[in-house]
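Residue numbers (numbering that gives the first Met the number 0), protein chains in the order written: chain R, 0 to 214; chain U, 0 to 214; chain G, 0 to 214; chain A, 0 to 214.
Backbone N, C-alpha and C fix where the C-beta goes; we use that ideal spot for every residue, glycine too.
All values reported here derive from a predicted model rather than from experimental measurement.
As structure tokens, the structure follows; a few thoughts come after it.
There are 4 protein chains.
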Amino acid sequence: MKNNKKGDKYDLILDAAIRVFAKKGFYQSRVTDVAKEAGVADGTIYLYFKNKDDLLISIFEEKIREAIEIFKRELREITGAKEKFAKFIEIHLSLFQANPDLAAVLQVELRQSSRFMKQYKKEELKRFLDLIGEIIEQGQDEGVFRRDIPVGLAKRFVFGALDEIISTWVTAGFKYDLRSYVQPVCRLFMNGFAGKEESIVKDTKIGGVSHEIAG
Amino acid sequence: MKNNKKGDKYDLILDAAIRVFAKKGFYQSRVTDVAKEAGVADGTIYLYFKNKDDLLISIFEEKIREAIEIFKRELREITGAKEKFAKFIEIHLSLFQANPDLAAVLQVELRQSSRFMKQYKKEELKRFLDLIGEIIEQGQDEGVFRRDIPVGLAKRFVFGALDEIISTWVTAGFKYDLRSYVQPVCRLFMNGFAGKEESIVKDTKIGGVSHEIAG
Amino acid sequence: MKNNKKGDKYDLILDAAIRVFAKKGFYQSRVTDVAKEAGVADGTIYLYFKNKDDLLISIFEEKIREAIEIFKRELREITGAKEKFAKFIEIHLSLFQANPDLAAVLQVELRQSSRFMKQYKKEELKRFLDLIGEIIEQGQDEGVFRRDIPVGLAKRFVFGALDEIISTWVTAGFKYDLRSYVQPVCRLFMNGFAGKEESIVKDTKIGGVSHEIAG
Amino acid sequence: MKNNKKGDKYDLILDAAIRVFAKKGFYQSRVTDVAKEAGVADGTIYLYFKNKDDLLISIFEEKIREAIEIFKRELREITGAKEKFAKFIEIHLSLFQANPDLAAVLQVELRQSSRFMKQYKKEELKRFLDLIGEIIEQGQDEGVFRRDIPVGLAKRFVFGALDEIISTWVTAGFKYDLRSYVQPVCRLFMNGFAGKEESIVKDTKIGGVSHEIAG
DNA sequence: GATGAATGAGTTTTCATTCAT
DNA sequence: GATGAATGAAAACTCATTCAT
């Protein structure tokens, strides 16, 4: 199951990095902290990773890849779009529940590093977002999801809502069970995505105010 | 209208910091970069701010406070919950559209600093979230929003979705007009929050799988 | 009595400097601390003193000069060497008792600055030391002080002992009355300087051990 | 004989610090000066010392401790108080003669830092002073030193005189041999401390003049 | 003369990375 | 492969001094 081709220490260090980055943040973490957490010498890290940045990049590459594997495997045997959607929410929250440190790193660091590691994370993240998009598209084809919702917007919605729930849970110190949100989240989205096409807010006038915060 | 009590340079530096942090990220930014951007000497920054961290903290304190002022002022004259909700979405997206650099800092840095500046941002952010909560509660009282949606969850939903939309826009380089999302976002939430009480996904079975990503 | 030729502020600042340097030490003191203590603006200091070093130098020049004036005036009317010696001790300790801050600066800073301001202090200090030397020489001429004591050594002795007593008093926080030491100090020196010529320790063998502390 | 438990570099850096501080004074010395003198990189200093202050503190702790060891060892085999006293003077001056840089640091920096490092030096210095005190007390018990001299005062006298002699020698640039002062110093103190009890200056009138230098 | 905001050179300290063992 | 002591470039921050008002 594990790819040990890169040696025991590779995973040992990567998992130590996840714990350390989760606790202190990437820029607040020292390479020597990761080394201590992994029980190896500082120099050993450089035998497996090019530099400190490569540690963060590898977390995304390795862990998001693993996560996408899990998603694909679990979703493969489910057919209906609604059920797939519910399963997706469940896996997502369960995954983070089971890997709180990874959750913290992905939630927090993925944001701040957006500029410096754009090239690395984007494609991985895009593939992840596309999983939701595919489910929504399937739902629209099946006629269970409204067609007047842009898929691009909807998938960001789902991602954003999950993101916020997880962020709150991370910030709150992993105190409650994330999986208790599976059902409410599903219900809310189903209400939003499903049903008849016409807009409820069609006549709400949206004024074009330009707000510039004093600078 | 502006509080110039702290001197011209205070705002000059703070706005320079927003631009610099937005472009390079807080930890990637040098104090000397901010000084150059503001057109002052490095030391001048320390006449107005205790240290580099204080720059970031002050951005939150000053700008979120200003934003909340705008929200409160604009929402005051609107009565219906639905209309308030729509207005809230509009102001939020307009505000960021008008202040892209601030958006970038708030979206990106607010995340990563979550641990180190918990105490500072939390209360401000909470007041912001509470604005949404109040609107949703009002809507439930008016009977236009479903009562079976926990307010705490709903407000995170709205925040999360807006957050994700803005993040995408930030990451994409501010290329499109954020305000074009006002109507779709409103419509989607109205669909989700409004209408009858019973759940559409009430019978979707949620299995209790525990996913631990190999570590 | 006061030389106001240099303006009120000159003395105001100099005395503030004495208090500040006494409390925090020269290098630990900020120019702005002195300005605040004097109740003037930072820039004003530079109207009266060339730079920070000049403040310290001026303390020596002004205050030691004043001290030497006092010594000369008071000693002028005393004739006997023994009585002069006793008076000298008394003035010295009384002077410091009356000017504890000045004492602190002279005792502590005079040492550490020895290298950087050699040129300034030395001649002043030498004149001060010479006062003791003259008294001892007069005593030897009068036949009340032993002739087998080198004057250069004896005057350092007196200076050193007074110095140590004052230093202890400074370090102890000016808690006791320095003048209570006048009599014991006089007695001890009189015992040492006065009387018959032959040495009591003439036969104590002094070995030539070279102690180098491990480095 | 040496405690190399802290590594070669520890002593290498400490001795370089002594030389540099002796030459330029603590506050005038740059950390990079010490590093260059020791032949190590700037950062290496921080592997062995917490910060620049710690360098100075460690000089006292290490070197005064070593000095006290030498004193105790050498004095152990001498029985008579007079002989012990003479030996003490000899060791003290020999020690500084052999370690002029250390002398400079101890004489000059120990003074100026008195406030900021009170806690560190005081106990060490006290133990040193107590060595003299013990000898004087022994002498009083043996009946070779006058009983009417307060030990607390006498030990400060000895320390002060030696201190002044060494300071002069330091300031003069180590030009002459400090050990040439051993015999004169001994002789003078023996005259002062030894012999009959009654005071020679018992009838010198000490007036209570209060001298405040114009401020 | 007096002010005090602004300056920027100069310092301490940190920490990712290297490399001899 | 593994180590961890040593490195030194880089960055935050300080504060004596200046000068426009």
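Residue 99 (chain U) does not reach chain R, its nearest Cβ partner there being about 11 Å away, counting only Cβ pairs nearer than 9 Å. Contacts with chain U at 9 Å (Cβ-Cβ) do not include residue 45 (chain R). G:136 is the residue among G:136, G:87 and G:46 whose C-alpha sits nearest the C-alpha of residue 152 (chain G).
Take residue 44 (chain A), set aside five residues on each side of it, and the residues of its chain with a beta-carbon closer than 7 Å to its own are 12, 30, 33 and 34, in chain order. Shown here, residue 91 (chain G) sits in a helix according to DSSP, grouped into three states. In terms of beta-carbon proximity, residue 39 (chain A) stays away from the interface with chain G, with every pair separated by 9 Å or more. The beta carbon of residue 71 (chain R) does not come within 9 Å of any beta carbon belonging to chain U, so the residue lies off that interface. Under the Cβ criterion of 9 Å, residue 29 (chain R) is not counted among the residues facing chain U. Against chain U, the CB of residue 51 (chain R) has no partner CB under 9 Å away; the residue lies outside that interface. At least one C-beta of chain G is nearer than 9 Å to the C-beta of residue 155 (chain A). Assignment of residue 149 (chain R) by DSSP, reduced to helix, strand and coil, places it in the coil class. Only 62 from the stretch 52-64 of chain U bring a Cβ to less than 7 Å from some Cβ of chain R. Straight-line spacing of the CA atoms in residue 212 (chain U) and residue 48 (chain R) works out to 20 Å. The stretch 57-65 of chain R makes no contact with the stretch 129-144 of chain R; the number of CB pairs closer than 8 Å stays below 3. The C-beta separation of residue 172 (chain G) from residue 191 (chain A) comes to about 29 Å, leaving the pair out of contact by the 8 Å criterion. Put simply, of R:53, R:100 and R:15 the residue whose alpha carbon is nearest the alpha carbon of residue 39 (chain R) is R:15. Straight-line spacing of the CA atoms in residue 148 (chain A) and residue 23 (chain G) works out to 35 Å. Counting only the Cα atoms, residue 102 (chain G) lies some 11 Å from residue 170 (chain G). About 10 Å separates the beta carbons of residue 168 (chain U) and residue 161 (chain U), which is beyond the 8 Å limit, so they are not a contact pair.
Out of G:180, G:70 and G:79, the CA that lies nearest to the CA of residue 144 (chain G) is found in G:79. Any Cβ of chain R closer than 9 Å to the Cβ of residue 158 (chain U) would place that residue at the interface, and such an atom is present.
Contact annotation for residue 26 (chain A) against chain G: 26 [CB-CB distance below 7 Å, chain order]. For residue 41 (chain R), same chain residues with a beta-carbon under 7 Å away, outside a window of 5 residues either side, are 30, 31 and 34 in chain order.
For residue 52 (chain R), the enclosing alpha helix (DSSP H) has its first and last residue at 51-58.
For residue 27 (chain R), the secondary structure class from DSSP, reduced to helix, strand or coil, is coil. Counting the other CB atoms within 10 Å of its CB gives residue 180 (chain A) a total of 16 or more, which places it among the buried residues. Residue 70 (chain U) and residue 138 (chain U) do not touch by the CB rule: their CB atoms are close to 17 Å apart, not below 8 Å. Measuring C-alpha to C-alpha distances from residue 57 (chain U) to each of U:87, U:166, U:92 and U:104 identifies U:104 as the nearest. Contact between residue 18 (chain A) and residue 100 (chain A) holds: CB atoms are separated by about 5 Å, below the 8 Å threshold. Taking a 10 Å sphere around the C-beta of residue 89 (chain R), we find 16 or more other C-beta atoms and assign the residue as buried. By the rule that beta-carbons nearer than 9 Å mark a contact, residue 141 (chain R) does not touch chain U. For residue 71 (chain R), the enclosing alpha helix (DSSP H) covers residues 64-75. Under the Cβ criterion of 9 Å, residue 19 (chain G) is not counted among the residues facing chain A.
Taken through DSSP and simplified to helix, strand or coil, residue 33 (chain R) comes out as helix.
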